[in-house]
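Beneath this line is the structure, given in structure tokens, with notes to follow.
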Amino acid sequence: MQGTMMNYPLTLTHILERAGKLFPKQEILSRLPDRSLHRCTYGDIYRRSRQLAEALQKAGLQRGERVATLMWNHYAHLEAYLGIPAAGAVMHTLNLRLAPKDIAYIANHAGDRFLIVDDILLPLYDQIKDSASFERVFVVPLSRTPPPPGTESYEDLLGTATGDFTYPQLDENDAASLCYTSGTTGVPKGVAYTHRSVFLHTFLLTTADNFAIHHADVLMPVVSMFHVNGWGLPYAAAMVGCRMILPGPYLDAESVLELIAKEGVTVAAGVPTIWLSVLDCLEKHPGRWKLPPMRVLVGGAAPPLAVIRKLDQLGIRLQQGWGLTESSPQATTNQLKAHMHSWPQDEQYEVQTRAGIPVPLIEMRVVNEAGEVCADGKTMGEVQLRGPWVAASYFNLPEETDKWTADGWFRTGDVGTVDEEGYLKIADRAKDLIKSGGEWISSVDLENALVAHPDVREAAVVAVPHPKWQERPVAIVVARDGAKLSPESLREFLKDKFAKWQLPDVFIFVDELPHTSTGKLLKGELRRRYQDWKWEK
156 MQGTMMNYPL
166 TLTHILERAG
176 KLFPKQEILS
186 RLPDRSLHRC
196 TYGDIYRRSR
206 QLAEALQKAG
216 LQRGERVATL
226 MWNHYAHLEA
236 YLGIPAAGAV
246 MHTLNLRLAP
256 KDIAYIANHA
266 GDRFLIVDDI
276 LLPLYDQIKD
286 SASFERVFVV
296 PLSRTPPPPG
306 TESYEDLLGT
316 ATGDFTYPQL
326 DENDAASLCY
336 TSGTTGVPKG
346 VAYTHRSVFL
356 HTFLLTTADN
366 FAIHHADVLM
376 PVVSMFHVNG
386 WGLPYAAAMV
396 GCRMILPGPY
406 LDAESVLELI
416 AKEGVTVAAG
426 VPTIWLSVLD
436 CLEKHPGRWK
446 LPPMRVLVGG
456 AAPPLAVIRK
466 LDQLGIRLQQ
476 GWGLTESSPQ
486 ATTNQLKAHM
496 HSWPQDEQYE
506 VQTRAGIPVP
516 LIEMRVVNEA
526 GEVCADGKTM
536 GEVQLRGPWV
546 AASYFNLPEE
556 TDKWTADGWF
566 RTGDVGTVDE
576 EGYLKIADRA
586 KDLIKSGGEW
596 ISSVDLENAL
606 VAHPDVREAA
616 VVAVPHPKWQ
626 ERPVAIVVAR
636 DGAKLSPESL
646 REFLKDKFAK
656 WQLPDVFIFV
666 DELPHTSTGK
676 LLKGELRRRY
686 QDWKWEK
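Here the working numbering is used: the first residue of the sequence shown is 156, the next is one more, and so on.
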């Protein structure tokens, strides 16, 4: 027997229509390069996104062709998010923090036909224009800079639209956006998200048992919109019609805090390093900002226990999600189950350090080296996923099949445990685990413990080859301003938390640690830096 429901395609045009027609007066605020504030509404975004879609079609853009963006978080990027897919094309966000040669490689591999670029990013564009083959380049005049020769004005492009625009007949399985992995484990790989997958992931972000993005929120994505669709938050904001604060190129702690306090932000999202900087800034300037009650969404890396505690003391509730480019990105959510709310506060904090339980529609399993599914909270294995917003292949890389199991699960490359309650704890990336004397040591556990020290700002732990034990942990530590640390004091701080053989043999003190464009520690660079460490005999 067949059901009697309508076959209603889940396309992003529905989000655009809903935002424009139900919430036309709701404000979107963007910080511009001169630090002034640009204000517009969803009504404006609706009109201009449709102009963009029509103009792209008039420019000859065909269904499924790619339009790249090289942009910060602001109103025009939101127009691209909604307008490019509405034209039947694919929005490809380029990661502006990558090396120019990598940006050019990604643009060429994706076959990007057009580029929309911020005028303040033209110096970066100049470094890739001879290597990347864009047919037309449109410049967003954030600083009112005239487009240089060989480029065109984004506003002039919109001006070619007549307003007589009808959406093309879209299939919900058409690609809507394209993002590339950061390339920390090899060549960057493209993931093409469909209208359906983005639509379902957007719904997920609005559910009460997840991040509960709703109309009354004031949402500020500090996470870059060039990174995995800005975690899907711009689409969620448009779907529910909430006020959105877009910080532009100013992601330093003081600028972030200024917007949070002035605009009454209720939800902000970013990687843990952002919130570490924010906490440092608050400690240096007590009483300078009066923060509203808010939720902080964290992803990209596990938040240290010390960060969770400090945010809670400020009345800020941290919510963690875990995932990756291939899962759009969210695969788990860290919500306490009902019976956990009666637990002691320290036990609740400990649960919050875990990646959480799978979100609805996502299946997750941990598989050990013997191929067995494990859920005892102790046995480590590779985390594998499947679901409607998990990638089934990479774009234009048919030979890349080793990331999927024979029975159709995506192999994340992360290693972790799942406990009896179903909570995932990420132990490490497979390549970051330390194998010493036949036993595994989690670099993440050591890092989180080190960051809990009051004088430690940031820490990384990497495996260094050892002549006797195969590998040993080495800790690279950044001290807080004015603090004096020693290997002895840190070893003493850790000794009650780990077995003696798990403790780092060496502590190296540095001024800063290398990070990826999205705030993750560059462990590979640190391993290369210290791989020839001379051990004492």
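Using N, Cα and C, we set each Cβ at its ideal position, and we do this for glycine too.
Whole angstroms is fine: what's the gap from residue i's alpha carbon to residue j's?
{"i": "Asn365", "j": "Pro179", "result": "26 Å"}
{"i": "Arg324", "j": "Arg351", "result": "Checking the displayed sequence, the identity of residue 324 turns out to be Gln instead of Arg. Computed Cα separation, rounded: 14 Å."}
{"i": "Leu401", "j": "Glu575", "result": "40 Å"}
{"i": "Leu249", "j": "Met375", "result": "21 Å"}
{"i": "Ser204", "j": "Arg612", "result": "43 Å"}
{"i": "Ala582", "j": "Leu601", "result": "10 Å"}
{"i": "Pro343", "j": "Asp319", "result": "39 Å"}
{"i": "Ala493", "j": "Thr480", "result": "30 Å"}
{"i": "Met495", "j": "Leu579", "result": "16 Å"}
{"i": "Ala630", "j": "Pro659", "result": "6 Å"}
{"i": "Ile415", "j": "Asp189", "result": "19 Å"}
{"i": "Val420", "j": "Ala392", "result": "13 Å"}
{"i": "Gly385", "j": "Tyr348", "result": "13 Å"}
{"i": "Pro499", "j": "Asp372", "result": "30 Å"}
{"i": "Ile200", "j": "Val632", "result": "45 Å"}
{"i": "Glu555", "j": "Ala259", "result": "21 Å"}
{"i": "Met704", "j": "Ser641", "result": "Limits of the chain in this structure are 156 at one end and 692 at the other, which puts residue 704 out of reach."}
{"i": "Ala620", "j": "Asp687", "result": "Before going further, note that residue 620 is Pro rather than Ala in the sequence given. Answer to the nearest angstrom: the Cα atoms are 8 Å apart."}
{"i": "Pro448", "j": "Gly674", "result": "25 Å"}
{"i": "Asp146", "j": "Val528", "result": "Nothing can be reported for residue 146, as the shown portion of the chain is limited to 156 through 692."}
{"i": "Thr315", "j": "Leu412", "result": "39 Å"}
{"i": "Glu438", "j": "Leu192", "result": "27 Å"}
Determine, using beta carbons only, whether residue i and residue j come nearer to each other than 9 Å.
{"i": "Tyr504", "j": "Arg464", "result": "yes"}
{"i": "Leu225", "j": "Leu270", "result": "yes"}
{"i": "Val616", "j": "Ser483", "result": "no"}
{"i": "Ala618", "j": "Ile589", "result": "yes"}
{"i": "Trp227", "j": "Met380", "result": "yes"}
{"i": "Leu106", "j": "Leu388", "result": "In the structure displayed, the chain extends from 156 to 692; residue 106 sits before or after that span and is not available."}
{"i": "Asn489", "j": "Ala510", "result": "yes"}
{"i": "Val292", "j": "Tyr280", "result": "yes"}
{"i": "Met535", "j": "Glu182", "result": "no"}
{"i": "His264", "j": "Asn551", "result": "yes"}
{"i": "Ala530", "j": "Gly476", "result": "no"}
{"i": "Glu537", "j": "Val570", "result": "yes"}
{"i": "Leu360", "j": "Arg221", "result": "no"}
{"i": "Thr166", "j": "Pro240", "result": "yes"}
{"i": "Ile170", "j": "Tyr390", "result": "yes"}
{"i": "Leu276", "j": "Leu251", "result": "yes"}
{"i": "Asn185", "j": "His229", "result": "The displayed chain sequence assigns Ser, not Asn, to residue 185. It is a contact, given that the beta carbons lie within the stated cut-off."}
{"i": "Glu647", "j": "Ser591", "result": "no"}
Between the options, which has its C-alpha nearest residue i's C-alpha?
{"i": "Glu594", "options": "Val538, Arg541, Lys655 and Lys650", "result": "Lys655"}
{"i": "Thr300", "options": "Lys623, Val272, Gly345 and Ala510", "result": "Val272"}
{"i": "Ala607", "options": "Asp583, Leu645 and Tyr685", "result": "Leu645"}
{"i": "Val426", "options": "Asp636, Trp564, Lys580 and Thr671", "result": "Thr671"}
{"i": "Leu207", "options": "Leu167, Asp274, Arg268 and Thr317", "result": "Thr317"}
{"i": "Ala330", "options": "Ile261, Tyr236, Val378 and Ala287", "result": "Tyr236"}
{"i": "Ala486", "options": "Ser191, Arg627, Tyr260 and Leu355", "result": "Leu355"}
{"i": "Ala408", "options": "Met399, Cys436 and Ala424", "result": "Cys436"}
{"i": "Lys678", "options": "Pro448, His440 and Ala614", "result": "Ala614"}
{"i": "Asp562", "options": "Leu540, Glu555 and Gly571", "result": "Leu540"}
{"i": "Val599", "options": "Thr508, Gly215, Arg268 and Ala638", "result": "Thr508"}
{"i": "Val521", "options": "Lys284, Trp444, Glu310 and Arg566", "result": "Arg566"}
{"i": "Leu446", "options": "Leu466, Glu172 and Glu290", "result": "Leu466"}
{"i": "Leu469", "options": "Leu434, Leu491 and Pro459", "result": "Leu434"}
{"i": "Lys176", "options": "Thr159, Thr196 and Gln157", "result": "Thr196"}
{"i": "Arg202", "options": "Glu172, Arg194 and Ser191", "result": "Glu172"}
{"i": "Gly120", "options": "Pro441, Arg584, Glu691 and Asp311", "result": "Residue coverage of the chain in this structure runs from 156 to 692, which leaves residue 120 outside it and unanswerable."}
Check the DSSP bridge columns for residue i and list the partner residues they point to.
{"i": "Asp583", "result": "Val570"}
{"i": "His193", "result": "Ser185"}
{"i": "Phe293", "result": "Ile271 and Glu307"}
{"i": "Asp513", "result": "According to the sequence provided, residue 513 is Pro. The question's Asp does not apply to it. Answer is Thr487, bridged to Pro513."}
{"i": "Lys590", "result": "Trp595"}
{"i": "Phe662", "result": "Ala630"}
{"i": "Glu647", "result": "DSSP output for Glu647 lists no bridge partner at all."}
{"i": "His670", "result": "Leu676"}
{"i": "Gln539", "result": "Arg520 and Arg566"}
{"i": "Thr224", "result": "Thr248 and Ile271"}
{"i": "Gln625", "result": "His621"}
{"i": "Trp559", "result": "Phe565"}
{"i": "Cys334", "result": "Val346"}
Please give me, in chain order, every unbroken run of the alpha helix (DSSP H) with length at least 4 that falls completely inside the region 448-495. Correct list: 460-468.
Counting only runs of 3+ residues fully inside the region 388-449, write out the beta strand (DSSP E) ranges in chain order. Complete beta strand (DSSP E) runs here, min 3: 398-401 and 422-425.
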